[in-house]
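What follows is a single structure, written as structure tokens, with notes after it.
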Amino acid sequence: MTVTTTPLAAAAASPAARTLKLWRLEGFPLIPVLILLLIAFVAVFADFLAPYDPQIGSLARRFRPPAWEAGGSMAHLLGTDHVGRDVLSRLIFGARVSMVVGLTAVLVAGGIGTLLGILSGYLGGWVDQVIMRVTDAWLALPALTFAIFLAAIVGPSELNIIVILGGVYWTRYARVVRGEVLSLKQREFVRLAVVAGCSKWLIMRRHILPNVLNSAIVLATLMLGVVIVTEASLSFLGVGVPPPKPAWGLMMADGKKGLMVGYWWLTVFPGICIMLMVLSANLLGDWLRVKLDPQLRQL
Amino acid sequence: MTAVMEAKGLSKHFQARRGLFGGSRGVVRAVDEISFAIETGHTLGVVGESGCGKTTTAKLVLGLETPSGGSIQFEGRDLETLDTPGRRRYRKSVQAVFQDPYASLNPRMRISAIIAEPLVTNEKTVAPEVRHRVLELLDLVGLPERSADLFPHEFSGGQRQRIAIARALVLSPQVIVLDEPVSALDVSIRAQILNLLRSLQTRLGLSYLFIAHDLAAVAHMSHEIVVMYLGKIVESGEARALALSPKHPYTKALFAAALPSHPDERSDEPVLQGEVPSPLSPPSGCHFHPRCPHATARCAQEAPRLRPVEGRQVACHLFE
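Protein sequences appear in the order of chains A and B.
Take 1 as the starting number for the first sequence in the working numbering and just add one per residue.
Take 1001 as the starting number for the second sequence in the working numbering and just add one per residue.
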């Protein structure tokens, strides 16, 4: 670490500038953030960026290799799949599916988990017992198997996947948030709120919730990767986003038959996309975790 | 003089689970039949080592714990018999300042919201009025007006304690429970906060229940002092008399242990040996006898009662 400014200059800088500087010094994960921003940008403007319709192909142009391979052309930069759909366009629209499913599922899981965690931690007693035993039971089930089971029951659709992922992954929030609430509950400002005459609900909303949000946000970033992988896995197994919608996991499943005959681009490109997104989310989450909440480090 | 608050035979017992499977149960008598009165406009100091029941007493007075026995009377009426509006009025009349100024302010709220919270929770008021009251209180505790829009982390310990005091004052209470209000502060800041509390008392006619283990602070602040040991009162009386000539061996030892104002002023009083016994199995008879330099056989068998000795109350067989 090098000191680029004299102490005097640092003191003269505005608080905002100082905060910025601090954040940069502590190993801000620039590349992962750029990758996530790129994926988000692509997801939002997919309609303008994709050169072809992702769901309609032409059988006359099946299995075209990427442009730089023999037989490839600039018309299909990353080649075409088994029904002649443009791989690049499908990847671009797939980003939208991953983003929408990933973010909303994390939001659903976070919402349920935070709410139950706060109730469990603050109210204590039998409420705590019930919620925590349910959480234990939930955690005992392997997440992916449980998700497949639920997906098989309610059938595949984007909305169902969001609800299922939210319903499977809330337990981690409940656990972390409950622990946090237990320590907050003993803090003097909560006891003073009781003395001031605040009701339980008001205390939970005004004093507990804002103070657990940091941890919840850190966890959300870490969960984003897990949720995206699970979504891809479900789609790969055929119980996720229904075809013809372009989801990355689904693209890999469709392409796996071609792998043995050399159509590698059908699986490798979506695989790279999933890897980059999950890795970026995790690196960002790791950094946020250290940055916002040192207590979460051992999780 | 009238007592604004009076406790009679107040007790708080906790069930303690012993052993891995919770087989045998013990009872911790955190507060054991204590009686005290807080006069209007006066300060009642409560002193004692850790675990003697000081904080439990504060919690009982604040309604954070319900007593296992005895009663608290506020303006002559028993708390138990109060109806809902009566309880609400009591809650508004009794506020608190706690020990740790770093834990007593919600880090996510602005100072104005922190100070105004008891007011907006208990009374219907309009925003400009609330704002006016907040600024008035900030001025009263000696903080600049612009503090209102800042967050707690922008203040030092002493400033935070001023904010906590302003919050306690917002409902114009009659009694403020001060649970070790200066123990967490630097020595240089302590005097400022104590003097602020004193001047507020004379200006607003407040009554304080002042809990501390710092004897100098208690002697400086209080009109009356209660000395507690393992949940019981061992000595109580007028502050100055009690500080200058303590009677009970425990009170003597406590004051002997306090640092003298000058290093050459070494006192010859014996310093207490040993630890406070476990409250789960307090010693028989007088709880203090295993550590007492004057203990006799009788002390191990018979618990002494509080008796008037030279204008104060002492619980010791030596003074009969």
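Virtual Cβ for every residue (Gly too), placed ideally from N, Cα, C.
Give every residue of the same chain whose Cβ lies closer than 8 Å to the Cβ of residue i, excluding the five residues on either side of it in the sequence, and list them in chain order.
| i | result |
| --- | --- |
| P1290 of chain B | G1274, P1277, P1283 |
| T1002 of chain B | E1039, T1040 |
| I228 of chain A | S98, V101, G102, I274, M277, V278, A281 |
| T80 of chain A | G57, R61, R62, F63, R64, D86, V87 |
| H1153 of chain B | P1107 |
Give a yes or no on whether the C-beta atoms belonging to residue i and residue j are separated by under 7 Å.
| i | j | result |
| --- | --- | --- |
| S1104 of chain B | A1164 of chain B | yes |
| L1178 of chain B | L1137 of chain B | no |
| T1043 of chain B | S1222 of chain B | yes |
| L222 of chain A | G285 of chain A | yes |
| A147 of chain A | V134 of chain A | no |
| A50 of chain A | L116 of chain A | no |
| L184 of chain A | N211 of chain A | yes |
| G110 of chain A | A216 of chain A | yes |
| I1176 of chain B | Q1099 of chain B | no |
| W265 of chain A | P66 of chain A | yes |
| A1219 of chain B | A1243 of chain B | yes |
| G113 of chain A | W68 of chain A | no |
| P156 of chain A | V239 of chain A | yes |
| R1203 of chain B | G197 of chain A | no |
| R187 of chain A | S120 of chain A | no |
| M1228 of chain B | G1076 of chain B | no |
Please look up how many angstroms separate the CB atoms of residue i and residue j, rounded, as I've assumed it's under 8 Å.
| i | j | result |
| --- | --- | --- |
| F1036 of chain B | V1309 of chain B | The Cβ separation is near 17 Å, so there is no contact. |
| D53 of chain A | S89 of chain A | 7 Å |
| C1286 of chain B | A1303 of chain B | 6 Å |
| K1054 of chain B | V1046 of chain B | 5 Å |
| G84 of chain A | S58 of chain A | 4 Å |
| P1067 of chain B | S1112 of chain B | Contact doesn't hold; Cβ gap of about 36 Å is too wide. |
| E1145 of chain B | L1135 of chain B | 5 Å |
| L1143 of chain B | R1160 of chain B | Not really, about 10 Å apart at Cβ, beyond 8 Å. |
Based on Cα-Cα distance, which residue from the options lies nearest to residue i?
| i | options | result |
| --- | --- | --- |
| D1186 of chain B | B:G1158, B:V1031, B:S1222 | B:G1158 |
| C273 of chain A | A:G262, A:L250, A:W287 | A:L250 |
| A220 of chain A | A:R191, A:R289, A:L276 | A:R289 |
| M1109 of chain B | A:H207, A:L115, A:K256 | A:H207 |
| V181 of chain A | A:G166, A:N214, A:I161 | A:N214 |
| V194 of chain A | B:E1123, B:L1064, B:A1219, B:R1089 | B:L1064 |
| I1115 of chain B | B:A1166, B:T1084, B:L1082 | B:A1166 |
| D1149 of chain B | B:Y1208, B:A1239, B:P1107 | B:P1107 |
| P1101 of chain B | B:E1180, B:I1034, B:G1076 | B:E1180 |
| R172 of chain A | A:I153, A:M132, A:I203 | A:M132 |
With a threshold of 6 Å on Cβ separation, who are the neighbours of residue i within its own chain once the five nearest residues in sequence on each side are excluded?
| i | result |
| --- | --- |
| P1246 of chain B | K1252, F1255 |
| H1248 of chain B | V1234, E1235, V1314, C1316 |
| E158 of chain A | V241 |
| L1079 of chain B | I1072 |
| I164 of chain A | A147, L150, A151 |
| P29 of chain A | L283, L284, W287 |
| H1013 of chain B | V1027, R1029, S1068 |
| P246 of chain A | P54, R90, F93, G94 |
| P32 of chain A | S280, L283, L284 |
| I1008 of chain B | Note that residue 1008 of chain B is Lys in the sequence shown, not Ile. So the qualifying residues of the chain are S1035, G1070, S1071. |
Near residue i, what residues of its chain come up, given a Cβ to Cβ distance below 7 Å and the 5 sequence neighbours on each side ignored?
| i | result |
| --- | --- |
| R1298 of chain B | H1317 |
| V270 of chain A | Inspection of the sequence shows that residue 270 of chain A is occupied by Pro rather than by Val. If we look at P270 of chain A and ignore the five residues flanking it on each side, its Cβ neighbours are L91, G94, W248, M251, M252. |
| H82 of chain A | R62, F63, D254, G258 |
| G1051 of chain B | V1276, P1279 |
| T104 of chain A | I162 |
Buried or exposed for residue i, please, with buried defined as at least 16 other CB atoms from any protein chain shown within 10 angstroms of its CB.
| i | result |
| --- | --- |
| I56 of chain A | exposed |
| S199 of chain A | exposed |
| S1172 of chain B | exposed |
| N1195 of chain B | exposed |
| P1118 of chain B | buried |
| F48 of chain A | exposed |
| V1004 of chain B | buried |
| F45 of chain A | exposed |
| F41 of chain A | exposed |
| W201 of chain A | exposed |
| D1032 of chain B | buried |
| Q129 of chain A | exposed |
| L78 of chain A | buried |
| L107 of chain A | exposed |
| D1139 of chain B | exposed |
| S73 of chain A | exposed |
| K1232 of chain B | buried |
| Q1015 of chain B | exposed |
For a test of your reading of the model: does the CB of residue i fall under 6 Å from any non-hydrogen atom of the ligand ADP? Yes or no.
| i | result |
| --- | --- |
| Q1192 of chain B | Ligands displayed in this structure: none; no statement on the ligand ADP is therefore possible. |
Please compile the residues from chain D whose C-beta is within a distance smaller than 7 Å of the C-beta of residue i.
| i | result |
| --- | --- |
| V194 of chain A | As a matter of chain content, chain D is missing from the structure shown, whose protein chains are A and B. |
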